[in-house]
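Asks: Handing you this structure, nothing more for now.
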Amino acid sequence: MALLTLIKRVFTFSLVYFSLCVASDSTQEVGALLRWKSNLQNDQNPSPLTSWSVSDHENVTKSPCSWSGISCNNAGSVISINLTGTGNLNGTLDEFSFSSFPHLSYLNLSMNHLFGTIPPHIGNLSNLKYLDLSTNQLSGEIPREIGLLTHLEVMRLVKNHLDGSIPREVSQLTSLNELLLYNNHLNGSIPEEIGYLASLFNLDLSTNHLSGSIPASIGNLSNLEFLCLGNNMFFGTIPEEIANLKSLSYLRLSKNDLSGSIPTSITNLTSLKFLYLHINHLSGSIPEEIGKLKSLRLLRLSINQLTGVLPPCIGNISNLQSLLLGYNNISGSIPHEIGNLKSLRYTRLGVNQLTGSVPPSLGNLSNLKFLYLNQNQLSGFIPQEIGNLVKLTKLLLYVNHFSGNFPHNICQGGSLECFSVRDNHFKGQILKTLRNCTRLYRVHLERNQFTGNIAEEFGFYRNLSFLDLSHNKFYGQISSNFGKCPQLGTLNISRNDISGIIPPEIGNAIQLHQLDLSSNHLLGEIPLELGKLTSLNKLILNGNQLSGSVPRELGSLTEFEYLDLSGNRFSKLVPETEPYLDKLSCAR
């Protein structure tokens, strides 16, 4: 009996002691939260923290568990503070008593207006697993005490103004899965100790001022799936050890100062889906083994110093959707195996040294939207199979040595929006070919040998904003359809065999700011309707047979900057006293 009484007393004491401890914790947490709230600058009404209050008639055992953004465990202790996205927490973390929350495992204050530094005493949150202070205005260095958060699994400090180096103490966070520090002002090098974070699967340090070489120890992060180091100042070569990251699916090293060749070992990353190495100083050739990356969806190597040929094995990457190799020195021909890439949507091979003709197998790429082959040394005819690219929206072939007629079926998909074939040797009636491309907004045909009656073959293009037909052999009269292009900003038909009058309907193209009809055989007077073109800043009509007087309506064009009427038959030129001449560069 005495033993039973003793047990009851011990149980009662324990219960009372536990209750007092819980009450003490809750009171401490309430006080800490209210003190921090009182130091915030709140401009919003109602405040996102309205529920953070205690009335006088409440019990002594105050609890914050019902407050917005607060979650507690069964014992009533705060384990989670989630105030993300309120956008109106305006203040610092200086008065946040981290030591008052011994059970806190989740802290998310992202997308607010917090400023100042991250206090060193954040290291008191010994049970914290999730920390997100992203998208604020925090500055200063990441405190070394962050290394005390040994249970931390996620650390997100992105989109702030943090500077200084990445503290070596981060390497003590061996449970860390995500380390996201991108879009800050961090400098210095990546600590070699980063290799201790064996649990890491997402490391993003991009868009900072980090420098030095990429440490070989990064190859120890065997669970890494996402590695983003782009838009920094890293130099040296890509470490061979990066090939140890067998789980890697996303690798971004772009916009750095990396040099040397692309390591062949990188082709062993068979889980890789996205590879960004653009805007560096990489040299050498694309590894022949690139075809082993069967899972690859995006390959971006543009703006480097790569040489050699485009390896035929690239046709083995059957899931590839984006092939972006522009602005290098890649030579040789386009391999016909490229036609095996049935998933390809974006192909940019412009500004290289490619030669030979366009392979007909390109016509197999039925999902292709962008095809950039500009500024190479390609030649020959464009294959008829290009008409199979019914989803094509942008076709850039300019500055090559192409010749012959352009395939008549280029518009059978009706999707084409941007078409540039300038500076080639094309001939034939291209305007008739483009007549069904009603979505066109930008067209460059200049400096070819195209022919055709411009009055009969020019279609109606509601979205057209830029059209350059100059330096060709177009003839006939200027179509009144130009006045039905409400978005047209630039029209250049110079150096052709155009005759007849300037149609007054052209005055309806009210967005027009540059009009060049020079070096043709135009007759008649300048239509008064040009005075309606209030955005016009450049009018070039020299080298025609225009006559009559220059309409005074041009004087009302406030954006006017350049006028060339020389080499015509005007009976009366613009008077020297015309006030708008003061701001014009004139060739009369």
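Here the sequence shown is numbered in my numbering, starting from 495 and rising by one per residue. We treat Cβ as the ideally placed atom computed from N, Cα and C, and that holds for glycine. Just so we're clear, the structure is a prediction, and the values are computed from it rather than from any experiment.
(1) Can you pull the DSSP bridge partners for Asn576?
(2) Inspect the beta-carbon positions of Gly1018 and Ser1041 and report whether they are closer than 8 Å.
(3) For Asp917, count neighbouring Cβ atoms within 10 angstroms of its own Cβ and tell me buried if that reaches 16, exposed if not.
(4) With a threshold of 8 Å on Cβ separation, who are the neighbours of Glu940 within its own chain once the five nearest residues in sequence on each side are excluded?
(5) What is the C-beta distance between Thr932 and Gly908, in whole angstroms, given that I count them as a contact (C-beta under 8 Å)?
(6) With a threshold of 6 Å on Cβ separation, who are the neighbours of Asn602 within its own chain once the five nearest residues in sequence on each side are excluded?
(7) For Glu782, which of helix, strand or coil comes out of DSSP?
(8) Starting from Leu800, trace the beta strand (DSSP E) in both directions and tell me its first and last residue.
(9) Is the beta carbon of Gly658 sitting closer than 8 Å to the one on Asn677?
(10) Whole angstroms are fine: how far does the CA of Ile732 sit from the CA of Ile760?
(11) Helix, strand or coil: which one does DSSP assign to Gln666?
(12) Can you tell me which of the three DSSP states Asn553 falls into?
(13) Once you ignore the five residues that flank Cys515 on each side, which residues in its own chain have a CB closer than 8 Å to its CB?
(14) Using 10 angstroms around the beta-carbon of Leu1022, count the other beta-carbons present and answer buried if the total reaches 16, otherwise exposed.
(15) In angstroms, rounded to a whole number, what distance separates the CA positions of Asn618 and Lys788?
(16) Suppose you measure from the CA of Pro661 to the CA of Asn846; what does that come to, to the nearest Å?
(17) Check whether the Cβ atoms of Asn868 and Leu890 lie closer than 8 Å to each other.
(18) Using the Cβ count rule (16 or more neighbours within 10 Å means buried), how would you classify Arg529?
(19) Closer than 8 Å by C-beta to Leu1006: which residues in its own chain qualify, once you throw out the five before and the five after it? Chain order, please.
(20) Mind pulling the beta strand (DSSP E) runs of 3 or more residues that sit fully within the stretch 815-890?
(21) How about Ser741 and Ser765: are their beta carbons less than 8 Å apart?
(22) Counting along the chain, where does the beta strand (DSSP E) carrying Ile992 start and finish?
(23) Does the Cβ-Cβ distance between Leu739 and Ser716 come in under 8 Å?
(24) Cβ of Ser1034 within 8 Å of Cβ of Ser1012?
(25) Give every residue of the same chain whose Cβ lies closer than 7 Å to the Cβ of Phe944, excluding the five residues on either side of it in the sequence, and list them in chain order.
(26) Classify Ile760 as helix, strand or coil using the three-state DSSP reduction.
(27) Identify the residues that DSSP records as bridge partners of Lys967: which are they?
(28) Rounded to whole angstroms, how far is the Cβ of Asn671 from the Cβ of Leu699, which I believe are closer than 8 Å?
(29) Which ranges does the beta strand (DSSP E) cover as unbroken runs of at least 3 residues, wholly within the stretch 668-728, from first to last along the chain?
(30) Let me know the secondary structure DSSP gives Ala517 once reduced to three states.
(31) Name the two residues that bound the continuous alpha helix (DSSP H) containing Lys460.
(32) According to DSSP, is His474 part of a helix, a strand, or is it coil?
(33) Could you tell me which residues DSSP puts in a beta bridge with Cys912?
(34) If I'm right that Leu848 touches Asn870 with Cβ under 8 Å, what's the distance once you round it to whole angstroms?
(35) Pull up the CB-CB distance for Asn621 and Asn654, whole angstroms please, since I reckon it's below 8 Å.
(36) Quick one: what's got a C-beta closer than 7 Å to Leu886's C-beta in the same chain, skipping five residues either side?
Replies: Checking against the coordinates, here is how it stands:
(1) Asn602
(2) Yes, they are a contact pair.
(3) buried
(4) So the list reads Arg916, Asp917, Asp962, Leu963, Ser964, His965, Asn966, Asn986, once near-sequence residues are dropped.
(5) 7 Å between Cβ atoms; contact.
(6) Asn576, Thr578, Asp626
(7) Here Glu782 sits in helix by DSSP.
(8) 799-801
(9) no
(10) 9 Å
(11) helix
(12) In this prediction, Asn553 has a pLDDT of 48, which is less than 50 and means its spatial position is unreliable; what the coordinates show is noted afterwards. Correct three-state label for Asn553: coil.
(13) Any reading at Cys515 is ruled out, since the residue's pLDDT is 42, under 50, leaving its predicted position unreliable.
(14) It counts as exposed.
(15) 47 Å
(16) 42 Å
(17) yes
(18) exposed
(19) Leu982, Gly983, Thr984, Leu985, Ile1000, Leu1027, Ser1029, Leu1030
(20) 816-818, 840-842, 847-850, 864-866, 871-874, 888-890
(21) Going by C-beta atoms, Ser741 is nearer than 8 Å to Ser765.
(22) Run containing Ile992: 991-994, per the beta strand (DSSP E) assignment.
(23) yes
(24) Checking the displayed sequence, the identity of residue 1034 turns out to be Ile instead of Ser. Taking 8 Å as the Cβ cut-off, Ile1034 and Ser1012 qualify as a contacting pair.
(25) Taken in chain order, the residues that qualify are Phe920, Lys921, Gly922, Ile924, Asn966, Lys967, Phe968.
(26) helix
(27) Thr945
(28) Rounded to whole angstroms, the Cβ separation of Asn671 and Leu699 is 15 Å, and the two are not in contact under 8 Å.
(29) 672-674, 696-698, 703-706, 720-722
(30) Because Ala517 carries a pLDDT of 49, less than 50, the predicted location of this residue cannot be relied on, and the following value inherits that uncertainty. Looking at Ala517 - three-state DSSP - the assignment turns out to be helix.
(31) Outside the displayed range of the chain (495 to 1082) lies residue 460, so it cannot be described from this structure.
(32) Residue 474 falls outside the range modelled here, since the chain spans only 495 to 1082, and no answer is possible.
(33) Lys888, Arg936
(34) About 4 Å separates the Cβ atoms of Leu848 and Asn870, confirming a contact at the 8 Å cut-off.
(35) Actually they do not touch by this definition, with Cβ atoms about 24 Å apart.
(36) Leu862, Lys863, Leu865, Gly907, Ser909, Leu910.
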